[in-house]
Amino acid sequence: MTGASSGIGEALAYEYAAQDAILGLVARRKDPLLILKKKLAKEVNIYTADVRDRNALRIAAEDFIGKYGAPDVVIASAGVSSGTLTESESDMDVFQAVLDINLVGMMNTFQPFVLPMKKNNYGS
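Numbering (my numbering), first residue to last: 56 to 179.
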């Protein structure tokens, strides 16, 4: 689950932990992940990575799959928002970052899990 250090991702981590799920939590900031892991007191694996870093997400996925096999569920909840209006050239850099995190980051999150999940004929 990406975006696990705050917001929707953090809330989902609590919900899944309450159901005794084995969690793989990803976020850019390590300290909030460590705090969350301690609060959950369940089987929690944390990975510090930026969703724009495809290789880092692949490494995290391979580690998780190596320990537990393909997961039943993969959640891409990392995301950002911005209120720019495209009036200036610098707004385009902001929009590019939003797309890189919200769209490409989602694809980077799911990709390492697709084949293992298909192989096992399950997952969502």
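Yeah, the Cβ is synthetic: ideal placement off N, Cα and C, and Gly gets one too.
- Residue pairing by DSSP places residue 102 opposite 81 in a beta bridge.
- Sixteen is the threshold: since fewer than 16 other Cβ atoms of the shown chains lie within 10 Å of the Cβ of residue 128, the residue is exposed.
- Less than 8 angstroms divides the Cβ of residue 99 from the Cβ of residue 92.
- Non-local C-beta neighbours of residue 65 in its own chain, meaning closer than 7 angstroms and more than five positions away in sequence, comprise 59, 91, ordered along the chain.
- Rounded to the nearest whole angstrom, the C-alpha separation of residue 88 and residue 114 is 17 angstroms.
- With respect to the C-alpha of residue 107, the residue from 163, 68, 177 having the closest C-alpha is 163.
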